[in-house]
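Student: Numbering-wise (the working numbering), the sequence shown opens with residue 8 and increments by one. Below is a structure I'd like to ask you about.
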Amino acid sequence: MSKLETLERLADRIAARVGASPESSYTASLLGKGVEKCAKKFGEEAFELAMAAVQGDKPHITSEAADVFYHVLVLLQASGVSLDDVMAVLNAREGTSGLVEKAGRRG
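Okay, structure coming up:
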């Protein structure tokens, strides 16, 4: 299975949990608390990943990175943005220098 297929499967599972009971699904409980809670949880996980990276603890980095992928997909779901939307932006940026792309952004 490809890396992208794994992310797509996870995104699909998260979408399927939208109507689930918060008592039986951690994902449903996060989604039920709204974008703000999902964003906060993503931020916590991103910070934990950054700290694991600073410590150079590869198993911890791996585990926290998995949490970040999960929580970014939950945040996208809560925000009404699909993985396909994100992939389209990444595909459009392919072959463009990061410096050029960043300079061309609005705001």
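Even for Gly, the Cβ is constructed at its ideal location relative to N, Cα and C.
Give the straight-line distance between the Cα atoms of Tyr-77 and Lys-44, rounded to the nearest whole angstrom.
Tutor: Reading the sequence shown from its first residue, position 70 is the one you call residue 77. Reading the sequence shown from its first residue, position 37 is the one you call residue 44. Distance between the alpha carbons of Tyr-77 and Lys-44 is about 14 Å.
Student: Skipping 5 residues on each side, what residues in its chain have a beta carbon closer than 6 Å to that of Asp-74?
Tutor: As a first step, residue 74 must be located in the sequence shown, where it is residue number 67. The answer, listed in chain order, is Glu-52.
Student: Cβ of Leu-38 within 9 Å of Cβ of Val-81?
Tutor: Locating residue 38 in the sequence shown gives position 31, where the first residue counts as 1. Locating residue 81 in the sequence shown gives position 74, where the first residue counts as 1. A contact, by the Cβ cut-off of 9 Å.
Student: To the nearest angstrom, report how far apart Gln-84 and Thr-34 are at their CA atoms.
Tutor: Numbered from its first residue, the sequence shown carries residue 84 at position 77. Numbered from its first residue, the sequence shown carries residue 34 at position 27. Taking the straight line from one Cα to the other gives about 10 Å.
Student: Are the Cβ atoms of Met-8 and Arg-16 separated by less than 9 Å?
Tutor: Mapped onto the sequence shown, residue 8 falls at position 1. Mapped onto the sequence shown, residue 16 falls at position 9. Yes, the pair counts as a contact, with Cβ atoms nearer than the cut-off.
Student: Count the other C-beta atoms from every protein chain shown that fall within 10 angstroms of the C-beta of Ala-95, then say buried if there are 16 or more, exposed otherwise.
Tutor: Working through the sequence shown from its first residue, we reach residue 95 at position 88. Exposed.
Student: Mark Phe-54 as exposed unless 16 or more other C-beta atoms lie within 10 angstroms of its C-beta, in which case mark it buried.
Tutor: To locate residue 54, count along the sequence shown from 1; it is residue 47. Burial call: exposed.
Student: With DSSP run on the structure shown, which of helix, strand or coil describes Val-81?
Tutor: By one-based count along the sequence shown, residue 81 stands at place 74. Of the three classes helix, strand and coil, the one that applies to Val-81 here is helix, per DSSP.
Student: For Val-88, name the three-state secondary structure that DSSP assigns.
Tutor: By 1-based counting over the sequence shown, the position of residue 88 is 81. Coil.
Student: Using the beta-carbon count (16 or more within 10 Å), is Arg-100 buried or exposed?
Tutor: The residue given as residue 100 occupies position 93 in the sequence shown. Looking at its Cβ environment, which holds fewer than 16 other Cβ atoms inside 10 Å, Arg-100 is exposed.
Student: Quick one: using the 10 Å Cβ neighbour count with 16 as the cut-off for buried, is Leu-11 buried or exposed?
Tutor: As a position in the sequence shown, residue 11 is number 4, starting the count at 1. By the 10 Å Cβ count, Leu-11 comes out exposed.
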